[in-house]
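Q: Here the protein sequences come in this chain order: A and B.
The opening position of the first sequence corresponds to residue 56 in this note's numbering, with each subsequent residue numbered one higher.
The opening position of the second sequence corresponds to residue 5 in this note's numbering, with each subsequent residue numbered one higher.
The beta carbon of each residue, even a glycine, is placed where N, CA and C say it ideally should be.
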Amino acid sequence: MDPAHLIPSPDPISVPWGWFQFFLILTFVLHLLFMNTMLGTGIIAFVSHLKGPKHKSSLTTDISKKLPYTIAFTVNMGVAPLLFMQVIYGHFFYVSSVLMAVYWISIIPLLLTAYYSAYIYDFKHEALGSARALFIGVTVLILLFTGFLFTNNLTLMLHPEAWKEYFQKPGGTLLNLSDPTLIPRYLHFVTASIALGGLFIALLARFNIRKGIEEKSDRIDTGMQWFCYATMAQLVIGLWFLISLPSHIMILFMGGRPLHSVVFAAGVAGVMLSLFFGFKKLLLPTAVSLIGTVIFMVIMRDLVRKAYLEPYFSLSSLKVIPQFSPLILFIICFVAGLAIVGFVLRLAMKSGKGV
Amino acid sequence: MNYPVWWIPSVGGGLLIAIISIVHVYVAHFAVGGGLFLVITEMKAYREDSKDILAYTKRHTRFFLLLTMVFGSITGVGIWFIISLVHPSATSVLIHSFVFGWATEWVFFVGEIVALFVYFYTFGRMDRRNHLLIGWFYFIFAWLSLFVINGIVAFMLTPGAWPVSGNFWEGFFNPTFLPSLFFRTLLAFMFAGIFGLLTSSFLKDRALRETMMRYCARWLLGPVILMPVFSYWYLNSITDSSKSMILGRSPEIIPFFTFFIWMMPVLFLGGLIISIRMPSVIKRSFAVVFVFMGLLYMGSFEWIREAARRPYVIYGYMYSNSVLKSEIDDINREGLLRKAKWVKNRDLTDSNTRDAGREIFNIQCLPCHTVGGLMNDILPITDKFTLFGMDSMLNGIGTINDYMPPFMGTTNERKALASYIVNELHKKAEEKEPIMKLPQLPTIIPSFDDEKDEYVLLAWNDLGMHCITDSDKYFSILPPGNTIYAQLIRRGELPEVVLEGVDLSYKVEPGFERPSGHVPFWKFAESLFGRAIQPDTGLAGKGMSGSMNFREAHSVFTAELIPVVPYGADGSYNPYPLFTIEAQDKNTGKLLAKTRCVAPASTQLGCKTCHGGSWRIKGVAGLSNETAMDILSVHDRMSTTNLLESAVRGKLMLCQTCHADPAINAEGKPGVLNFSAAMHGLHANYLTGRGDEACNSCHPSHPNGRSRCFRGVHAGMGLTCISCHGTLEDHALSLLLKEQEAGKPGAERLMRHLKPRLVDRKEDIKPRTPWMNEPDCLNCHVDFEAPEKGASGFNQWTKGPEDLYRLRADEAGILCQGCHGNTHAVYPAQNPYGKDRDVIQPMQYQKNPYPIGANKNCRVCHTVDMEDEMHHPNSLRMVRNRFVE
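1) My assumption, with CB atoms under 8 Å, is that A/ALA59 sits in contact with A/PRO301. Please give the rounded CB distance.
2) So B/PRO581 and B/ALA563 are supposed to be a Cβ contact under 8 Å. How far apart are they, rounded?
3) Helix, strand or coil: how does DSSP classify B/SER879 here?
4) If we ignore side chains and look at the alpha-carbon of each, how far apart do B/PHE533 and B/THR773 end up?
5) Is there a C-beta anywhere in chain A that falls below 8 Å from the one on B/ILE153?
6) Could you pull the start and end residues of the beta strand (DSSP E) that B/GLN491 belongs to?
7) Anyone know if the C-beta pair for B/THR180 and B/TYR319 falls short of 8 Å?
8) What did DSSP end up calling B/LEU498 once you bin it into helix, strand or coil?
9) Residues of chain B with a CB under 7 Å from the CB of A/PHE385: which are they?
10) Check whether the Cβ of B/ALA795 sits closer than 7 Å to any heavy atom of the ligand ADP, and report yes or no.
11) Does B/SER576 pass the burial test, meaning 16 or more other C-beta atoms within 10 Å, or should it be called exposed?
12) Report the rounded CA-to-CA distance for A/SER299 versus B/TRP10, giving the unit in angstroms.
13) Pull the bridge partners of B/ALA813 from the DSSP assignment, please.
14) Using only CA atoms, which one of B/LYS345, B/PRO499, B/ASN700 and B/GLN845 lies nearest to B/ASN4?
15) Give the DSSP-derived three-state secondary structure of A/SER371 in the structure shown.
16) Go ahead and pull the three-state DSSP assignment for B/GLY274.
17) Consider the Cβ of A/HIS60: report whether some Cβ of chain B lies at a distance smaller than 8 Å.
18) Is the stretch 179-198 of chain A close to the stretch 30-45 of chain B, with three or more CB pairs under 8 Å?
19) Exposed or buried, which one is A/VAL359 when buried takes at least 16 other CB atoms within 10 Å?
20) DSSP puts B/HIS729 in a beta bridge; with which residues?
21) If contacts are defined as beta-carbon pairs under 8 Å, then B/VAL460 and B/VAL864 qualify, I think. What distance do you get, rounded to the angstrom?
22) List the DSSP bridge partners of A/ALA186.
23) Is the beta carbon of B/GLY838 sitting closer than 8 Å to the one on B/LEU595?
24) Name the chain B residues that come within less than 7 Å of A/VAL396, Cβ to Cβ?
25) The stretch 314-346 of chain A: which residues have C-beta closer than 9 Å to a C-beta of chain B, in chain order?
26) Got a sec: is the Cβ-Cβ distance from A/CYS283 to anything in chain B below 8 Å?
27) Which residue or residues does DSSP assign as beta-bridge partners of B/CYS471?
28) Would you mind listing the alpha helix (DSSP H) stretches within the stretch 163-251 of chain B that are 4+ residues and don't spill past its ends, in chain order?
29) What are the boundary residues of the beta strand (DSSP E) that includes B/GLU306?
30) What does the Cβ neighbour count give for B/GLY303, buried or exposed, with the cut at 16 atoms within 10 Å?
31) My output table needs one value for A/GLY409: the three-state DSSP class, helix, strand or coil.
32) Less than 8 Å between the C-beta atoms of A/ILE160 and B/ILE86, yes or no?
33) Tell me which residues share the same chain as B/PRO255 and place their Cβ nearer than 7 Å to its Cβ, disregarding the 5 neighbours each side in the sequence.
34) Run through chain A and tell me which residues come within less than 8 Å of B/TRP346, C-beta to C-beta.
35) Strictly under 8 Å for the Cβ-Cβ distance: is B/PHE4 near chain A by that measure?
36) I'd like to know if B/HIS4 contacts chain A, where contact means its C-beta is closer than 8 Å to some C-beta of that chain.
Put into structure tokens, the structure is as follows:
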């Protein structure tokens, strides 16, 4: 059976695909930053509890207070890229979702559990005592599993040749386990999360000192330690991920195509830079170079996706039936919405409660 | 079709969508109304300078945050997930068409989250004005979210001009946008009240609890009072088809709609009661009940809205099984298996029928039906079908009951699907229509002496077959009642039809004298006909033997409505019992002539093929109770009647009480389709594209059946029902067109999907009244000559009863049937129960099975050869069809 035959026909789009590509990358970067922070700080808190009760609780208290926010915004910021991705890659994504439907829909009850568990971890942080590890553990393990399912879906959609497995298992219980990139790709995200989680803890501590809430904090050191070790591990995992890619795709980033190679080089440069600043504990430069790295990595991820789908599909083949007015509405609402959000946050800052 | 189908037959995607959607939508509406509730309650606290109310507001905010932000947002994503798994194609259309609508809604979602976090975490720490401002921001963002999603959800029910233009704004600001927006906004306020009741019922301070609960009850009561107005507006904004679906055309919606209507006064009264002072335990339980009632109210509304969209998921554009309306013609032409992406059987072969049927099932049925699951279980509703019945049901699906999509695909694919359902899901063995071996009964031909006998007695049944519905316990269409005609001719060079001075009598053959021992007609006659009828006596007072009456209009003796049944005393089934007819001199009592004829009567009606049940007389014939009950329940469902229940209560009906029928002189009810139009019109929708097998599946004319009523020379020549009556579609249309002319509204519903086959356009079919306007013999036999090759009797009707074959006479006053035999058994006929059974008089008077006087045999009556064609043109000739030897 020719896998190309299984690919559904896509629906037409209303503005040229570049717009969706742009919004996809923009919002996915935001989602990743929140997601990394959420997962990373969660893992760090969980590990801290596992290390034992003698561990200082200010770190986990801090994390527990931020988790409800980071979860809320991870979900919220995930909606937008999921939307834009479905506009240009929906006919691949819906297929892979159906093939793993049981797992995919299980994300909803699982996330609810993780979310409420995080709220209990926050609201009852003091009262829970040793049960804290349990609640943050539930949250973290579920989030890790959710991430694993996302990695499965977003790679399965790239493999129409694996889809025919559906005819043996139509019940939505497929995963993309035979894909050699699956594990390194997944670990790549998790490791990045730990690094970003560490950096976030350090930044938060620095912010508190600036605000005069605390005088001195060892959480800057702890956070940056997590950041640096995780990022070093990331170099190895990243390399593993790279070489696990099909060689014709890997080669594109090793000089095969200029754009691919430049993006990859910029990403690598960014991570090196962030590591350099990280060791020096220069928080802001670390953060800036890390965000740069994330942006390049997201672009690179998109180039990988295009390369995978090249035999089957190119974005330029999408039919455009132009209608620009809804786009304009969105941009106006986006700008106005941001302005109001900014205003609300300013009011909150003034009242002394940061978000 | 475009996407793989998630195969969860015992659960059903629909149930998962319903569960996730209803709880989400409930909380999501609360998230809107509850936002306003927070600000207004906070203002109330400031106005009344009440720390307690303020503290309550803060606690309620925490509850609100945990419910709406956590549960609400995750289940919101959940709806998106589940619809993209169950309806990927529809999801894709919604995403692509409204991407910037969704994106805008996402901006509002960001605003909601930020505002709510800030509102909650700065409660009591921010100055009042700013805090309220943030609360207002939250509410506005939340309401704007509703505004956007409302547009897209309403779009699915009433896409307006979108399917043609594809314009975002036309789709978004669609006909139900406004009523739905108001309706949902009211719902949001109601739910704010309901959840307010819940949290305030937990207040410890009694006075505060009572105050707050009364306050919350007002949030509920206000919207409930306005609800009927907006429901009415909403209902009147949807298409007429959806509206009639809600108001009763779709029986599945009725309970939900009734519940929805009744919930309004119940919620109102509940709101009043809960405002009364009572102990906290009772109030708290009350509040919990309210939360559930709110959920049910929401659920019933959403259910009705979704069901009103049937058979579409996007009204008029995409069917609920994700096939585009515009794709159907292609699919029907090329085949579903060819057009679908996710099937492995691309071609139908003998070996893959069921597996291909399964794939067709997955694509077309599974989106709404489960197999053994909670929702829309396919098993109980298809249990009654035979393979033929299932195939016919699929054939007509989506036509009369248009809340389901039509079957999409080729005829063979339809059969494969039917086979999967009947043979695989129900594990029914493949049935093969048995070829009945019928007993050959002795036929004693009365004697006739060409030299000595002075009289020729011709006798016949007026119809080729009289069908009987022996399901009298539930309903009756056709009670027993055969009519025998006879004409006595005095032989001579100038023979004459004897009109007076003679007595004619009839008598059924032994074994058939007691029909009341076989059918329950007499037990229920009073209920059916309004008067008791003596057992073994017919509706016109005739018994199984007796004298005949003279009918002057046709110069014929008749015995009307003799209650003949095909069941013999020995337990045999014989649809052709014989009658002996005798003519005696009135004065002397001398026997002048004697003959025999069959009185055909059959109970072999094929209803059970599709309506379930078995033969009433096991393995033989007859309408069983099970079959009859199903027929009534289907009638009840399709025409919102209550026949089954009233029949069970003993009040049964003659179908013709409502449906006019010239066959039994029933006038019916004004505006209701006549019986033939209704029966043929309805069933034709389920039996399209077929030949006479469509006719044979209901009538006792099946060539392998027990009755084989089509047995005359035309059958022997290879003609079929269609040769004279047209295909079932043509036949039905001719009847329906007449009813449409008469202004009967039901005709259009049955005609809408019927396409004429023997002529090009519906308008080319000549409307006709059943039993009055029938195909005229002379359509084909122009000037009594042999028909031209390929002649068709269809679409040229007798003008009225006087032109009917069974009532028409020749120049000499002899009825056509007298010499040619009765309809459907025209001489030379071959009776399946004995070769001479239908040609007794030709054999008696001429020793051949041909029409009386055939082969220039004028001597039968004239006693000498004749030279003029006096009876009708072309009558003086040798017979053409000598195939019966």
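A: On the basis of the coordinates in this document:
1) Here residue 59 of chain A is taken as the residue at index 4 of the first sequence, counted from 1. Here residue 301 of chain A is taken as the residue at index 246 of the first sequence, counted from 1. The Cβ separation is near 17 Å, so there is no contact.
2) Here residue 581 of chain B refers to the residue found at position 577 of the second sequence. Here residue 563 of chain B refers to the residue found at position 559 of the second sequence. At roughly 14 Å, the Cβ-Cβ gap does not stay under 8 Å, so B/PRO581 and B/ALA563 are not in contact.
3) Position 875 of the second sequence, counted from the first residue, corresponds to residue 879 of chain B. B/SER879 falls in the coil class under three-state DSSP.
4) Residue 533 of chain B sits at position 529 when you count from the first residue of the second sequence. Residue 773 of chain B sits at position 769 when you count from the first residue of the second sequence. Cα to Cα, the separation comes out at about 24 Å.
5) Counted from its first residue, the second sequence places residue 153 of chain B at position 149. So no, B/ILE153 is outside the interface.
6) In the second sequence, counting from the first residue as 1, residue 491 of chain B sits at position 487. Segment 486-494, the beta strand (DSSP E) holding B/GLN491.
7) By 1-based counting over the second sequence, the position of residue 180 of chain B is 176. By 1-based counting over the second sequence, the position of residue 319 of chain B is 315. No; because the gap between Cβ atoms is not below 8 Å, this pair is not in contact.
8) Here the question's residue 498 of chain B lines up with position 494 in the second sequence. Correct three-state label for B/LEU498: coil.
9) Translated into positions along the first sequence, residue 385 of chain A becomes position 330. Per Cβ cutoff of 7 Å: PHE104, ALA107 and THR108.
10) This structure does not include the ligand ADP; it has no bound ligands of any sort.
11) Position 572 of the second sequence, counted from the start, is the residue given in the question as residue 576 of chain B. Classification of B/SER576: exposed, given that the 10 Å Cβ count is below 16.
12) Within the first sequence, numbered from 1, the residue matching residue 299 of chain A stands at position 244. Within the second sequence, numbered from 1, the residue matching residue 10 of chain B stands at position 6. Distance between the alpha carbons of A/SER299 and B/TRP10: 31 Å.
13) By 1-based counting over the second sequence, the position of residue 813 of chain B is 809. Per DSSP, B/LEU819.
14) No statement about residue 4 of chain B is possible, as the shown extent of chain B runs from 5 to 889 and does not include it.
15) Residue numbering aside, residue 371 of chain A sits at position 316 when the first sequence is read from its first letter. A/SER371 falls in the helix class under three-state DSSP.
16) If you number the second sequence from 1, residue 274 of chain B lands on position 270. If DSSP states are grouped into helix, strand and coil, B/GLY274 belongs with the helices.
17) As a working note, residue 60 of chain A is residue 5 in the first sequence. At least one chain B Cβ lies under 8 Å of A/HIS60.
18) no
19) In the first sequence, counting from the first residue as 1, residue 359 of chain A sits at position 304. By the 10 Å Cβ count, A/VAL359 comes out buried.
20) For the purposes of this step, residue 729 of chain B is taken as the residue at position 725 of the second sequence. B/HIS729 is not bridged to any residue.
21) By one-based count along the second sequence, residue 460 of chain B stands at place 456. By one-based count along the second sequence, residue 864 of chain B stands at place 860. The Cβ separation is near 6 Å, so the contact holds.
22) Numbered from 1 along the first sequence, position 131 holds the residue referred to as residue 186 of chain A. According to DSSP, which records beta bridges pairwise, A/ALA186 is partnered with nothing at all.
23) Working through the second sequence from its first residue, we reach residue 838 of chain B at position 834. Working through the second sequence from its first residue, we reach residue 595 of chain B at position 591. Not closer than 8 Å, so no.
24) Counting from 1 along the first sequence, the entry for residue 396 of chain A is found at position 341. Chain B residues near A/VAL396: VAL114, GLY115 and VAL118.
25) none
26) Translated into positions along the first sequence, residue 283 of chain A becomes position 228. Not closer than 8 Å to any Cβ of chain B, the Cβ of A/CYS283 fails to qualify, so no.
27) As a working mapping, residue 471 of chain B is identified with position 467 in the second sequence. In the DSSP output, where bridge partners are listed per residue, B/CYS471 has B/SER606.
28) 166-169, 172-176, 181-204, 210-239 and 244-248
29) Your numbering for residue 306 of chain B matches position 302 in the second sequence. Per DSSP, B/GLU306 belongs to no beta strand (DSSP E); it is in the alpha helix (DSSP H), 284-312.
30) For the purposes of this step, residue 303 of chain B is identified with residue 299 of the second sequence, where counting begins at 1. It is buried - the Cβ of B/GLY303 has at least 16 other Cβ atoms within 10 Å.
31) Residue mapping note: residue 409 of chain A aligns to position 354 of the first sequence, counting from 1. No answer about A/GLY409 holds up, because its pLDDT of 48 lies below 50 and its placement is not dependable.
32) Here residue 160 of chain A refers to the residue found at position 105 when the first sequence is read from its first residue. Here residue 86 of chain B refers to the residue found at position 82 when the second sequence is read from its first residue. Taking 8 Å as the Cβ cut-off, A/ILE160 and B/ILE86 qualify as a contacting pair.
33) Here the question's residue 255 of chain B lines up with position 251 in the second sequence. Excluding sequence neighbours, B/PRO255 sits near ARG641.
34) Here residue 346 of chain B corresponds to residue number 342 of the second sequence, with the count starting at 1. LEU61 and TYR221, listed in chain order.
35) Because chain B spans 5 through 889 in this model, residue 4 of chain B falls outside it and cannot be assessed.
36) This structure leaves residue 4 of chain B out entirely; chain B is present only between 5 and 889.
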